[in-house]
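Right, dumping it as structure tokens:
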């Protein structure tokens, strides 16, 4: 399956360490939930990005992706100075942007 553009850009921005491009992938009121910790809107997502993503030099690789009931289930491999290993991300898209990202 071809990776939808917002998810592809999410990975590319993370890997490039480009915070502005990363945040530009989200709707203004997007929700990011990371194992029960919730971040709403770009300002809060920017905080998560600094503590758990670009701020710890994460590098992401898509292992697999599948559409499921209007969302995309993505298995991601992560390397960097934070979490290392594989995890699942569920993306909900609103047009060309991410409206919800749930990490489990």
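Numbering (UniProt numbering), first residue to last: 1 to 104.
Ideal Cβ placement from N, Cα and C applies to all residues, glycine included.
Being a predicted model, the structure only gives us computed values, none of them experimental.
Under 9 Å between C-beta atoms of residue i and residue j
| i | j | result |
| --- | --- | --- |
| residue 89 | residue 102 | yes |
| residue 25 | residue 16 | no |
| residue 65 | residue 1 | yes |
| residue 34 | residue 18 | no |
| residue 91 | residue 54 | no |
| residue 82 | residue 58 | yes |
Cutoff 6 Å; reference residue i; Cβ partners in own chain excluding five residues on either side
| i | result |
| --- | --- |
| residue 29 | 41 |
| residue 61 | 77 |
| residue 127 | No information on residue 127 is available, as it lies outside the stretch 1 to 104 that the chain covers here. |
Inter-residue CB distance, residue i and residue j (contact presumed, cutoff 8 Å)
| i | j | result |
| --- | --- | --- |
| residue 78 | residue 85 | 6 Å |
| residue 63 | residue 80 | Their Cβ separation, rounded to whole angstroms, is 16 Å, which puts residue 63 and residue 80 out of contact at 8 Å. |
Assigned secondary structure, residue i (DSSP; H/G/I helix, E/B strand, else coil)
| i | result |
| --- | --- |
| residue 55 | helix |
| residue 87 | strand |
| residue 104 | coil |
| residue 6 | helix |
| residue 43 | helix |
Contacts around residue i, its chain only, beta-carbon distance under 7 Å, and the 5 residues preceding and following it disregarded
| i | result |
| --- | --- |
| residue 45 | 23, 26, 30, 32, 39 |
| residue 3 | 62, 65 |
Sequence-distant residues of its chain with Cβ nearer than 8 Å to residue i (five each side left out)
| i | result |
| --- | --- |
| residue 87 | 75, 76, 78, 103, 104 |
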